[in-house]
Amino acid sequence: MHSSAVLLIEFGSIILGLGLLGRFAARFQFSPIPLYLLAGLAFGEGGLLPLGASEEFVAIGAEIGVILLLLMLGLEYTASDLVSNLKAHYPSGLVDFTLNAVPGAAAALLLGWGPVAAVVLAGVTWISSSGVIAKVLGDLGRVGNRETPVILSVLVLEDLAMAVYLPIVTALVAGVGLAAGSVTLAVALGAAGLVLFVALRYGRVLSRFVSSDDPEKLLLVVLGLTILVAGVAQQLQVSAAVGAFLVGIALSGEVAEGAHTLLSPLRDLFAAVFFVFFGLHTDPASIPPVLVPALALAVVTAGTKIATGHWAARRAGISVKGRWRAGGALVARGEFSIVIAGLAVTAGIEPSLGPLATAYVLILVVLGPLTARYTEPLAGRWARLREARRSPVEESAPEALTETPVGD
54 MHSSAVLLIE FGSIILGLGL LGRFAARFQF SPIPLYLLAG LAFGEGGLLP LGASEEFVAI
114 GAEIGVILLL LMLGLEYTAS DLVSNLKAHY PSGLVDFTLN AVPGAAAALL LGWGPVAAVV
174 LAGVTWISSS GVIAKVLGDL GRVGNRETPV ILSVLVLEDL AMAVYLPIVT ALVAGVGLAA
234 GSVTLAVALG AAGLVLFVAL RYGRVLSRFV SSDDPEKLLL VVLGLTILVA GVAQQLQVSA
294 AVGAFLVGIA LSGEVAEGAH TLLSPLRDLF AAVFFVFFGL HTDPASIPPV LVPALALAVV
354 TAGTKIATGH WAARRAGISV KGRWRAGGAL VARGEFSIVI AGLAVTAGIE PSLGPLATAY
414 VLILVVLGPL TARYTEPLAG RWARLREARR SPVEESAPEA LTETPVGD
């Protein structure tokens, strides 16, 4: 009885604290993710006030948070959207992967962490934060800009790649052999292909089956179906997150819209719990030793994301200003970088990986909104300075040609 009372007090305090942090972040118009991570650091091992009774309950909430994050992401897209984006923008996805995954993998190898950690850190640096970027675009009033579809296409390709990448990481961190890993990947690809096929051919039938005019019944059916599929996927060592993502893709139309509205508050709640949980398992004393590598990696991959957006926007025929805006908007990392790092932390792959990922995300989730706002003006100013320096040389060149050398 006493322990249950302590659990309720601790968990209630966590939820209340998250709500206050969210309100504080909203007031100053920035993402609450870094505050949630800092809260986890403060109340985890080595923090100011370590939690005890509620940690196991928080762990379950964190797992639900990951499932809901991927479900809501899947609800954003229809199967036809994913297929059309894949056909039209796959070169941008390849450039995105090359420019942003390679620095993470190289950093892990340079730090001596081994190939498995390299694959994990490649994902941490590769995937942008869809949630943070969508919020920033809305805050800046750029939703209707010409470059916004390019930004969204890059994010969609990253999200689709997660369906392949997460099973690979899950198999690697679990330490399964090549044969078992190949089977896991084949199951994941087969499941993704089957879901896309069913969604394209029978999406309306499936949505009609799930649909209900009663919000309570719709919530229970969608949430129950998602957690069930996520559990089956995890049992097959595919990844619960991938299962939830595929459920979201399979649902479309009014069902997707209704489920999105009903599940958004739950997603926000459990996603916040997830960030706290990740922070709880990161010792604050372990961050200073990796702060310099995290900062260097953040600077490099901020530049490569800007280059990715610029290239993708130029390929789409967007103006120079729009190219810089697209690049600056893609810099933020957040929820999925932590999800990926969390797989390795849970498996105990590399003790320093969690702290480095935490510091990296903290830096870029703060820097991302700034680059979205200021990359284009700074690039324009730099271009004008170059033009101004070049103009005097060009103006003086004809005069130099008319001068008669003294010796002639």
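Final position of the sequence shown in the numbering used here is 461; the numbers increase by one with none missing.
Ideal Cβ positions, reconstructed from N, Cα and C, are used throughout, including at glycine.
From a predicted model like this one, the values you see are computed outputs, not experimental measurements.
By the three-class DSSP mapping on this structure, what secondary structure does residue i have?
{"i": "LEU193", "result": "coil"}
{"i": "TYR427", "result": "helix"}
{"i": "ASP266", "result": "coil"}
{"i": "ALA154", "result": "helix"}
{"i": "ILE67", "result": "helix"}
{"i": "ILE402", "result": "coil"}
{"i": "SER137", "result": "helix"}
{"i": "PRO85", "result": "coil"}
{"i": "GLY184", "result": "helix"}
{"i": "LEU164", "result": "coil"}
{"i": "THR131", "result": "coil"}
{"i": "GLY75", "result": "helix"}
{"i": "ARG12", "result": "What the structure shows of the chain is the stretch from 54 to 461, and residue 12 is not part of that stretch, so it cannot be assessed."}
{"i": "ARG368", "result": "helix"}
{"i": "ALA15", "result": "The chain is shown only over 54 to 461; residue 15 falls outside these bounds and no answer can be derived."}
{"i": "ALA436", "result": "helix"}
{"i": "ALA239", "result": "helix"}
Give me the Cα-Cα distance between residue i and residue j, rounded to the nearest whole angstrom.
{"i": "THR223", "j": "LEU396", "result": "7 Å"}
{"i": "LEU163", "j": "ALA297", "result": "35 Å"}
{"i": "LYS358", "j": "GLY380", "result": "6 Å"}
{"i": "LEU193", "j": "LEU122", "result": "24 Å"}
{"i": "ALA58", "j": "GLY65", "result": "10 Å"}
{"i": "SER264", "j": "GLY306", "result": "10 Å"}
{"i": "TRP364", "j": "TRP377", "result": "9 Å"}
{"i": "LYS188", "j": "GLY243", "result": "33 Å"}
{"i": "LYS374", "j": "VAL226", "result": "42 Å"}
{"i": "ALA294", "j": "TRP435", "result": "43 Å"}
{"i": "LEU61", "j": "GLY146", "result": "45 Å"}
{"i": "LEU420", "j": "ALA385", "result": "7 Å"}
{"i": "LEU124", "j": "ARG439", "result": "47 Å"}
{"i": "ALA360", "j": "VAL148", "result": "9 Å"}
{"i": "ALA441", "j": "ILE186", "result": "34 Å"}
{"i": "LEU247", "j": "PHE83", "result": "39 Å"}
{"i": "PRO202", "j": "VAL173", "result": "28 Å"}
Let me check understanding here. Comparing Cα to Cα, which of the options lies closest to residue i?
{"i": "VAL258", "options": "ASP134, LEU304, LEU272", "result": "LEU304"}
{"i": "THR151", "options": "PRO430, THR354, ALA227", "result": "THR354"}
{"i": "ILE391", "options": "LEU208, LEU94, PHE331, TYR427", "result": "PHE331"}
{"i": "LYS270", "options": "PRO408, VAL169, VAL308, ILE393", "result": "VAL308"}
{"i": "PHE327", "options": "LEU74, GLY114, PHE96", "result": "GLY114"}
{"i": "GLY93", "options": "PRO408, LEU126, GLU429, ASP266", "result": "PRO408"}
{"i": "ALA239", "options": "TYR255, ILE221, GLY75, LEU225", "result": "ILE221"}
{"i": "ARG368", "options": "THR399, LEU73, TYR143, LEU91", "result": "TYR143"}
{"i": "VAL177", "options": "ALA95, ASN198, VAL155, GLY118", "result": "VAL155"}
{"i": "ILE416", "options": "ARG443, ASP149, VAL345", "result": "VAL345"}
{"i": "GLU388", "options": "PRO202, HIS313, ARG199, SER182", "result": "SER182"}
{"i": "ILE67", "options": "VAL275, ALA159, ILE280, LEU333", "result": "LEU333"}
{"i": "ALA132", "options": "LEU299, LEU208, VAL236", "result": "LEU299"}
{"i": "VAL282", "options": "ASP267, LYS140, GLY301, VAL209", "result": "GLY301"}
Residue range of the alpha helix (DSSP H) that residue i falls in?
{"i": "THR178", "result": "168-179"}
{"i": "VAL373", "result": "373-382"}
{"i": "SER206", "result": "201-227"}
Kindly say whether residue i, judged by its beta-carbon, lies nearer than 8 Å to any beta-carbon of chain D.
{"i": "PHE330", "result": "Within the model displayed, chain D is absent; a lone protein chain is all it includes."}
Scan the region 279-366 and note each continuous alpha helix (DSSP H) run of 4 residues or more that stays entirely inside, going in chain order.
293-303, 306-333
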